Structure formats: C-alpha cells, structure tokens
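Here the protein sequences line up with chains P and S, keeping their order.
Numbers 41 to 290, taken from my numbering, label the letters of the first sequence in order.
Numbers 105 to 388, taken from my numbering, label the letters of the second sequence in order.
One structure below.
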Amino acid sequence: MTSPTTPILTVHNLSAVFPDNNGGLQALDRVSFQVYPREFLAVLGPSGSGKSTLLRIIAGLLQPTEGKVSFGDHRQPRIGMVFQQATLMPWRTVIQNIMLPLELDGTDPQQARARARELIDLVGLQSFENHWPRELSGGMAQRVAIARALIHDPDLLLLDEPFASLDALTRERMWAELLRIWQARQKTVIMVTHSISEALFLADRVIVFSARPGRVKLDLNVDLPRPRTDEMRYTAHFGRLARRLKDTIE
Amino acid sequence: MSLMVVHKLTQQFRRSVVLSSRGIMATLTQRVIALRSWLGGLSVLLFLATWHLATRYGGLPAFILPSPAAVGQRFLRAVMEGLLIEHTLITLLEVMVGLVTGASLATLIGYGVAKSRLLENLLAPYLVASQAIPMVAVAPLLIIWFGPGLFSKFLICALIVFFPVLINTVVGVRAVPKVYYELMRSLRATRRQTLLKLEVPAAMPILLGGLRIGATLSVIGAVVGELVGSDRGLGYLIYVGRSQYDTALVFVAVFTLIAMALGLYGLVTLLEKTLLAWQEQPRL
C-alpha cells in the first residue's frame, strides 16, 4: 500500500516535554515519520511511551515542544478520532451521537440523518439507532464511536487504543469489523496500540516506540496480503513479524 | 430537607423494585407498587385519625391544637373570604421571582467560577460566607434596608436559593470528563457549541438537583421574610393567626405552604423527567 505518492502527513523531529517538578517529563524525543494516503499505520509501544501524546499533537489537541506536523496540502485536515472509551454523550441516542460532527459543521439535519443511517448500516447497528448509550454493550458503543468518527468524511482517522477496554473475544471481532469498514471507506488511519497482534493484523506499517521518552525504534512494513484473515495470525510469517516487534520493544 | 431523604428512599425502593422485577417477579412487583401507593394514603388517614382523637380526648384547648374538622372549616372560610388565595399568590410570587432570579444568577456565576480560577479565588470568601450566614439572621437587615414590600422578599428568596444552585453548577460543569472536551476540540467545535452541546446537557442532572433544593429553600425564604416584616403573604397570615389565637388559621397557612413546596418539588421532578429521559430506568 505504501505507494511513492506524496505523504498526507509528515511528522518532523517532534519532541514533547510536559512541565513537572524536576525539569520536565519528556514524552516524545525527535520523532519523525511520514504517512501516505489510505495507509493504515499502527504505532506500537509500551504504556507511557508517548503514543497518545503523539496522536493528540497530530489532532491539534496538544502543542509540541519542538518539531512540527505538516499535512499534504497544507491545510488542517478534518479529523475523526476514536478514544479508548467510546465517549458517547449519554443524553444523545445512537443516531444523534453519530450526527454530532455534522451538527457542529452546520450540515442540513435531513442530510445528516441520511448519512448517519448509512453509517449505522455500515457498523451493523440497524435496530439500535434510537437506543441510549447506556443500553449498549462496550463493543456496540465503540462501533457507534467509529461511525461518529467517519460521518464527516475525515481525511485522517485517529484511533487511540480503541479496543483496549473490550474483552478479548469482542476485540478480535472488532478487528474484522474495522478492516471491513476501512476497506469500504478507504481512509488513512493512524492507530495507537500496545498489542502486537492487533498492530500486525490490522496495519500496513508498524512504527515501534521505545519506552519513555518515545523514540522511533523500528518502522516495519507488514507484508501480509489483504484481505487479512484469521488464519494468517497462526502462520509462521506472522509469528516471525511478531517476534521481531516483540524483540524491538524489549 | 426531609423531603430529600424521602425522595432518596423512594428512589432506592424503586431501584430495588426494578431489580427484583425481572422475569416471574413482575406481577408481584406490580402488587408491591399498588400496595405502596395505598400505604401512602393509609398513613395520611391514620395521621388525621390520630389528630382527631387527640383533639377529642386529649383535653387540649382549640387555640393549642384545633381539630382537623376545625382546620378544614377555617380553610373553607379563608378561601371564601378571598384571604387565603390573595396571600398564597403573594407568597407564590415571592417564591417564584426569588427562585428564578436566584437560580439564573447562580447558574451564570457558577459557570464563571467553574471555568476561571481567578473568579473562583475572587469570590470564594463571599461564597463561603453566604453559606455560613443563616438567612433568618440577615432577613431583618434586608427588611430595614429595602422595606417591608415585595422587593426585600424577592431578595431573601434569591439569596437563599443562590448558594446551592451555584455549588451544583460548579460541580456539574467541573465533572464533565476531559475526554469530551478533546472530542469537541478534535471536531473543531466553537466555544458556543461546546457550551450548548456538551456543558449544558452534561451538567443538567446536577444543575436540576440544585434547583430541586432551591425550590424548597425559596419557600422557606419567603416565609422567613414575611414573618420578620410584612403585611402580606402566608407568613404574615401565620403571624396574624398566632397573635389572634386563631390557631386553625396558622394550620391552614402551614398546610398551604406544604402544598406549595410539594408542588414546586413536583414541578422540578417533572422537569427532570422530561430533560433527563436518557438516564431514566427502563420502565416496568
């Protein structure tokens, strides 16, 4: 997938230091990489390696101490973000939650509703559009969050350990769901995770971060064919790649 | 305040009812609910009967404890004379104006305090003081300054409502999880959108909790103000009844006040039911 086109996103020499009592806590240390259109990039690293900080800087929620993030066509991209918790608004129904981004940019409500319905179909929650978030399971809530992140047709989908709070079985089902959605929508994705198999199974490319301060230790092309199947996770090649990622982390 | 306790108990009861209602327990639960509403009526009847017997055989003179029947008659007479309605409306006006202005100001300032450390530090001593000073003690001062008319009552009610609503606003706004702000910012929401689509609905449950307390406090404020200095209102009616040994009239005024407080409380509950449908328990 890594075609030699112009990158949609360039992260250049990014450092982030958070003020604390002894001279500041360095979260990121001169991180550089590029992301290409429609690429699925996983950022893998131990907890506390600044992965989330990186994602927040890309989303414009945090300012870096040094370095910069630039976008392909030099305008702020539209961003769809999925957090570790679904962060649905409990006072909005499923469809109202999904419509939120369109409501904020002033899209016609009729049109917004129609697009929300399409996404509800895409994430397979047809009969739940008028349910309250409290009536959903963790996996369903996260699917609503994914639909919400996609509705305004973002240039960049940022996933911050989106499945970390789900149980193992639900998580693996969500991987397949996410791949299906990603293939249908052709988005550029940056996903932060600390799960090796999640990174390998989903991504075209895996960037491995060192423990604090986060530094790029490895930039690995995942040469597993698409579409990915469950079987691939038990092949020798998958095992070799996993081994390599594991050795890099430790 | 005892109303709060009753309400909490009812809610707990309702919750346990919901839990036990799954499956075959459903019909039994419905019976329990029916029984519960019957029990309420039964306890009121029992209360009236005890009261009646106490006046009949207790040997207390009517100016100490009038019988329920005497209070009922006094009530009818007060209504016929137009006395009760006139004074009730005055008190209701004081309560409503005080509640609305007090609660709106408290919400606005509370939002400012929640958002700005500077404002919080600036106002903290006054806010703490306004909680510490009993309104009964300040009421005479306000009446000296602003006269015995309606304005001083508006002020007393507004002041007494102010603090609980303000505290609840601050708590409600501060309790909005940070990640929701990140969500709004990642979608490039404006300040106004963040206020209307995130902060207001997120703080609403706690805000209405403050309003619920404020509503009953406002009634107390009005009566305190009227007792201290006024020639109108239910508090004044209590004062008149007491000085003329017309104890039945005092009872009439007190019961009217209770009805008013309950009505306001019910109104806030109704507001909660409409605005907070999303957090209601599933219906039986």
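We put the beta carbon where it would ideally sit given N, CA and C, even for glycine.
Since the model is a prediction, treat every value here as computed from it, not as a measurement.
Beta-bridge partners of residue i, as assigned by DSSP
i	result
Phe80(P)	Val229(P)
Asn261(P)	Arg245(P)
Leu209(S)	According to DSSP, which records beta bridges pairwise, Leu209(S) is partnered with nothing at all.
Asp200(P)	Val232(P)
Ile119(P)	Leu196(P)
DSSP-derived helix/strand/coil call for residue i
i	result
Ser110(P)	strand
Ser120(S)	Caution applies to Ser120(S), whose pLDDT of 48 falls short of 50 and renders its modelled position unreliable; the value that the coordinates give is listed next. If DSSP states are grouped into helix, strand and coil, Ser120(S) belongs with the helices.
Val248(P)	strand
Met129(P)	coil
Gln124(P)	coil
Gly216(S)	helix
Gly254(P)	strand
Asp270(P)	helix
Asp161(P)	helix
Leu164(S)	coil
Leu388(S)	The predicted position of Leu388(S) is uncertain, since its pLDDT is 37 and thus under 50; no value can be drawn from it.
Ile191(P)	coil
His156(S)	helix
Glu169(P)	coil
Leu143(S)	helix
Ser125(S)	Summary for Ser125(S): the model assigns pLDDT 44, below 50, so the residue's position carries little reliability; its value from the coordinates is reported in the next sentence. Looking at Ser125(S) - three-state DSSP - the assignment turns out to be coil, as it is neither helix nor strand.
Gly337(S)	coil
Ile342(S)	helix
Arg292(S)	coil
Leu169(S)	coil
Leu197(S)	helix
Ser291(P)	Not covered by the structure: residue 291(P). The range shown for chain P is 41 to 290.
Leu150(S)	helix
Thr45(P)	coil
Gly202(S)	helix
Pro149(P)	helix
Leu287(S)	helix
Thr105(P)	coil
Leu206(P)	coil
Where the alpha helix (DSSP H) containing residue i begins and where it ends
i	result
Met308(S)	Val304 to Val332
Asn137(P)	Val134 to Leu144
Val4(P)	Residue coverage of chain P in this structure runs from 41 to 290, which leaves residue 4(P) outside it and unanswerable.
Ile247(S)	Met239 to Phe250
Asn225(S)	Arg221 to Ala236
Val358(S)	Thr351 to Leu379
Asp287(P)	Ala276 to Ile289
Ala173(S)	Pro172 to Met184
Arg295(S)	Arg295 to Thr298
Thr93(P)	Lys91 to Ile98
Arg174(P)	It is not in any alpha helix (DSSP H) - Arg174(P) carries neither H nor E in the DSSP assignment.
Lys301(S)	No alpha helix (DSSP H) contains Lys301(S), which DSSP labels as neither H nor E.
Endpoints, the beta strand (DSSP E) within which residue i is located
i	result
Lys257(S)	That residue, Lys257(S), is in no beta strand (DSSP E); its alpha helix (DSSP H) goes Leu254 to Arg278.
Arg70(P)	Leu65 to Val75
Rounded Cβ spacing between residue i and residue j (contact assumed at less than 8 Å)
i	j	result
Thr127(P)	Pro77(P)	Contact doesn't hold; Cβ gap of about 27 Å is too wide.
Trp222(P)	Phe241(P)	Actually they do not touch by this definition, with Cβ atoms about 12 Å apart.
Gln124(P)	Glu201(P)	5 Å
Ile236(P)	Ile191(P)	Rounded, the Cβ-Cβ distance is 31 Å, inconsistent with contact.
Leu94(P)	Gly254(P)	7 Å
Met231(P)	Leu199(P)	4 Å
Ser87(P)	Leu68(P)	Ser87(P) to Leu68(P), Cβ: 14 Å. No contact.
Leu246(S)	Ile264(S)	Not confirmed; about 11 Å, so no contact.
Leu300(S)	Met288(S)	Their Cβ separation, rounded to whole angstroms, is 11 Å, which puts Leu300(S) and Met288(S) out of contact at 8 Å.
Ser256(S)	Gly329(S)	6 Å
Ile119(P)	Val109(P)	The Cβ separation is near 12 Å, so there is no contact.
Gly318(S)	Gly214(S)	Actually they do not touch by this definition, with Cβ atoms about 12 Å apart.
Leu196(P)	Thr228(P)	5 Å
Phe210(P)	Gly179(P)	The residue asked about is misnamed: residue 210(P) is Thr in this sequence, not Phe. Right, the Cβ-Cβ distance comes to about 4 Å (below 8 Å), so this counts as a contact.
Any C-beta of chain A under 9 Å from that of residue i
i	result
Ala158(S)	The chain inventory of the structure shown lacks chain A, comprising the protein chains P and S.
Three or more beta-carbon pairs under 8 Å between the stretch 266-276 of chain S and the stretch 307-316 of chain S, yes or no?
yes
Okay, do the stretch 206-220 of chain S and the stretch 274-284 of chain S touch, 3+ Cβ pairs below 8 Å being the bar?
yes
Whether or not the stretch 189-204 of chain S and the stretch 316-333 of chain S are in contact is what I'm after, with contact meaning three or more pairs of Cβ atoms, one per stretch, closer than 8 Å; do they touch?
yes
Inspect the CB distances between the stretch 280-289 of chain P and the stretch 243-258 of chain P and report whether three or more fall short of 8 Å.
yes
Is there contact between the stretch 289-300 of chain S and the stretch 238-247 of chain S, where contact requires at least three CB pairs shorter than 8 Å?
no
Assess, as a yes-or-no matter, whether the stretch 242-251 of chain P is touched by the stretch 63-82 of chain P under the definition of 3 or more beta carbon pairs within less than 8 Å.
yes
Counting beta carbon pairs with one atom in the stretch 177-192 of chain S and one in the stretch 345-356 of chain S, are three or more of them shorter than 8 Å?
yes
Please confirm if the stretch 113-122 of chain P is in contact with the stretch 271-280 of chain P, defined as three or more CB-CB distances below 8 Å between the two stretches.
no
Any contact between the stretch 139-159 of chain P and the stretch 364-371 of chain S? By contact I mean 3 or more CB pairs, one from each, below 8 Å.
no
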